[in-house]
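Sequences listed follow chains A and B, in order. Following full-length UniProt numbering, the numbering of the first sequence begins with 1 at its first residue and continues without gaps. Following full-length UniProt numbering, the numbering of the second sequence begins with 1 at its first residue and continues without gaps. Even glycine gets a Cβ: it sits at the ideal position worked out from N, Cα and C.
2 protein chains.
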Amino acid sequence: MARPERTTEATKAESGAAESRRRILDVAARLFREQGYAGVSLRAIAAEAGMQAGSLYYHFDSKEDLVVEILDEGIRTVHQGVAEAVGRLPTGAGGEALLRTAILAHLRSLLRLSDYSSANVRIFGQIPEAVRQRSLPVRQAYDRYWDELLAEARGRGLLRADADLRTTRLLLIGALNASLEWFEPARGGVERLAGHYADLIWRGLAPAAGPATGRE
Amino acid sequence: MARPERTTEATKAESGAAESRRRILDVAARLFREQGYAGVSLRAIAAEAGMQAGSLYYHFDSKEDLVVEILDEGIRTVHQGVAEAVGRLPTGAGGEALLRTAILAHLRSLLRLSDYSSANVRIFGQIPEAVRQRSLPVRQAYDRYWDELLAEARGRGLLRADADLRTTRLLLIGALNASLEWFEPARGGVERLAGHYADLIWRGLAPAAGPATGRE
DNA sequence: GATTCTGCCTAACGTTTGTTAGATGGCAAG
DNA sequence: CTTGCCATCTAACAAACGTTAGGCAGAATC
């Protein structure tokens, strides 16, 4: 209820409108993640944002426009998170470090940092076809990022040479995103889960060939 | 429209009611898979089943009851498919064959055989909490089956001894189910996809250690 | 042949949905 | 002090939803 002080000058972009808009998006992202797309009414969003349903139309043209914005921000957030984490790796980093880092960053965004990212994963399969189409480009950009990351790593000999990269990406992203449905922080944090996943994907399930490698 | 002949005798269980009921379930499973839970109205189901919306209530007490039945049958189908395929393996089968077989059977049920299985994966995250609870036991039974399968294999030395089995199951099932969102038969059949997944999970992404193993 | 049961239809109920139009109060500019 | 914009409210709309009550034709039963 506390109104922010106005500087009386051209801070229009920071004024109430932009704040409300952000608040609406935040609330909607959280509700969509919790209850799905069709399960959340505009009245519910408005109530939690402290306004009436009709007022949402001052900021957005429709429920579909609202959700597209959330979907796109969700992908952009996880994309940026992974890219930054990978970018911070030392230049000589090996394939395993690369994989661990990317997996951890993706899971962090999904499970801890961003309601937008988790909302995206949760509701992408529920929205009308037309909306899905509109949010495809951002999604494909993230897919392409992974494909290039894996291709470059394989090119430098950091990954198994005969790995099918598209399938690898699909398995990996699919498994990571699925964790949203069952992950409970109480059973061990995101770091622990990321570690297990990376172990599994890196080394596989086959028993170590021959006698012990002497490394552990 | 063609009415089945009646034997005039106690074939009550096979009479029109049971047929209609099955037809409704089939139609509903397909529609739920295609359009989600909230996206499919009882009127739409009734229309494709060749009756009026109100008539559904002769066979089911509510939309929730209808969906619970579909969810349970979906899991039971995939559970049975995997168990049978694994059961047909020769007694001396190795860990890799076990994994390949289970993965293939799961994907077959999901992507080719059963609308019930795919509907389950697709809408489980969309249904009201109360409904989810009701269909939990069947789901947990399938989870338990996998856990036991993996545990026994590891116990017999067929899998890496330090693999975390719960995480393995969650990664695997998550990745398999996620394929429902993007799989296109035109890009290579279920068998091909299953093969790629099994390769990846079995051998991992790490480049083969040292010089060639001489096996390929 | 009368009665009962079966499977479905018609018609409506109350609620909720996304969306729109018009009014309103506060603040800034002139 | 007046004008005008900005952000929100109120109130309503038509459509769609799950669900229910009562009727009705045909087959089965007595």
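Check whether residue i and residue j have beta carbons under 7 Å apart
{"i": "Ile-70/B", "j": "Ala-38/B", "result": "no"}
{"i": "Ser-20/A", "j": "Val-68/A", "result": "no"}
{"i": "Leu-205/A", "j": "Ala-29/B", "result": "no"}
{"i": "Ile-103/A", "j": "Tyr-197/A", "result": "yes"}
{"i": "Asn-177/A", "j": "Val-121/A", "result": "yes"}
{"i": "Phe-32/B", "j": "Ile-123/B", "result": "yes"}
{"i": "Asp-72/B", "j": "Val-27/B", "result": "no"}
{"i": "Asp-147/B", "j": "Arg-169/B", "result": "yes"}
{"i": "Val-86/A", "j": "His-106/A", "result": "no"}
{"i": "Pro-207/B", "j": "Arg-88/A", "result": "no"}
{"i": "Ala-49/B", "j": "Arg-23/B", "result": "yes"}
{"i": "Ala-151/B", "j": "Leu-165/B", "result": "yes"}
{"i": "Leu-42/B", "j": "Leu-25/B", "result": "no"}
{"i": "Ala-46/A", "j": "Gln-52/A", "result": "yes"}
{"i": "Trp-202/A", "j": "Glu-96/A", "result": "yes"}
{"i": "Ala-175/A", "j": "Ala-194/B", "result": "no"}
Top-ranked residue by Cα proximity to residue i, from the options
{"i": "Leu-158/B", "options": "Glu-84/B, Gln-52/B, Leu-99/B and Ala-44/B", "result": "Leu-99/B"}
{"i": "Asp-115/B", "options": "Gly-54/B, Tyr-58/B, Ile-75/B and Val-82/B", "result": "Ile-75/B"}
{"i": "Glu-181/B", "options": "Leu-110/A, Glu-129/A, Gln-80/A and Ala-85/A", "result": "Glu-129/A"}
{"i": "Leu-113/B", "options": "Gly-81/B, Asp-143/B and Phe-60/B", "result": "Gly-81/B"}
{"i": "Arg-156/B", "options": "Gly-36/B, Ala-83/B, Gly-94/B and Ala-46/B", "result": "Gly-94/B"}
{"i": "Val-190/A", "options": "Asp-143/A, Thr-91/A and Leu-111/A", "result": "Leu-111/A"}
{"i": "His-59/B", "options": "Ala-97/B, Pro-90/B, Ala-17/B and Arg-154/B", "result": "Ala-17/B"}
{"i": "Arg-144/A", "options": "Thr-167/A, Ser-109/A and Ala-97/A", "result": "Thr-167/A"}
{"i": "Ala-83/A", "options": "Gly-92/A, Ser-109/A, Asp-65/A and Ser-179/A", "result": "Ser-109/A"}
{"i": "Gly-36/A", "options": "Ala-153/B, Gly-125/B, Thr-101/B and Leu-66/B", "result": "Gly-125/B"}
{"i": "Glu-64/B", "options": "Gln-133/B, Ala-194/B, Trp-202/B and Pro-185/B", "result": "Gln-133/B"}
{"i": "Leu-66/A", "options": "Gln-140/A, Val-40/A and Thr-101/A", "result": "Val-40/A"}
{"i": "Gly-92/A", "options": "Ala-141/A, Ala-186/A and Ala-153/A", "result": "Ala-153/A"}
{"i": "Thr-101/A", "options": "Ser-62/A, Gln-140/A and Leu-149/A", "result": "Leu-149/A"}
{"i": "Ser-117/A", "options": "Gly-54/A, Pro-185/A, Ser-179/A and Arg-187/A", "result": "Ser-179/A"}
Segment limits, alpha helix (DSSP H) that includes residue i
{"i": "Leu-110/A", "result": "It is not in any alpha helix (DSSP H) - Leu-110/A carries neither H nor E in the DSSP assignment."}
{"i": "Arg-169/A", "result": "165-178"}
{"i": "Ser-20/B", "result": "16-35"}
{"i": "Gln-80/A", "result": "63-87"}
{"i": "Arg-154/B", "result": "136-155"}
{"i": "Leu-205/B", "result": "Taken as a continuous stretch (DSSP letters only), Leu-205/B belongs to no alpha helix (DSSP H), as it is neither H nor E."}
{"i": "residue 231/A", "result": "Since the first and last residues shown for chain A are 1 and 216, residue 231/A lies out of range."}
{"i": "Leu-56/B", "result": "56-59"}
{"i": "Glu-181/B", "result": "Segment: none, Glu-181/B is in no alpha helix (DSSP H) and carries neither H nor E."}
{"i": "Ile-45/B", "result": "42-49"}
Task: Cβ-based contacts, 7 Å cut-off: residues of the region 127-153 of chain B near chain A - done: Residues of the region 127-153 of chain B with a Cβ closer than 7 Å to any Cβ of chain A: none.
TODO: Give, in chain order, every residue of the region 82-98 of chain B whose Cβ lies closer than 9 Å to some Cβ of chain A.
DONE: Those residues of the region 82-98 of chain B placed with their C-beta closer than 9 Å to a C-beta in chain A are Gly-95 and Glu-96, ordered along the chain.
Open item on the list: Tell me which residues of the region 154-165 of chain B have at least one Cβ-Cβ distance to chain A shorter than 8 Å, keeping chain order.
Closed with: Of all residues in the region 154-165 of chain B, the ones placed with a Cβ closer than 8 Å to any Cβ belonging to chain A are Gly-157, Leu-158, Leu-159, Arg-160, Ala-161, Ala-163 and Asp-164, in chain order.
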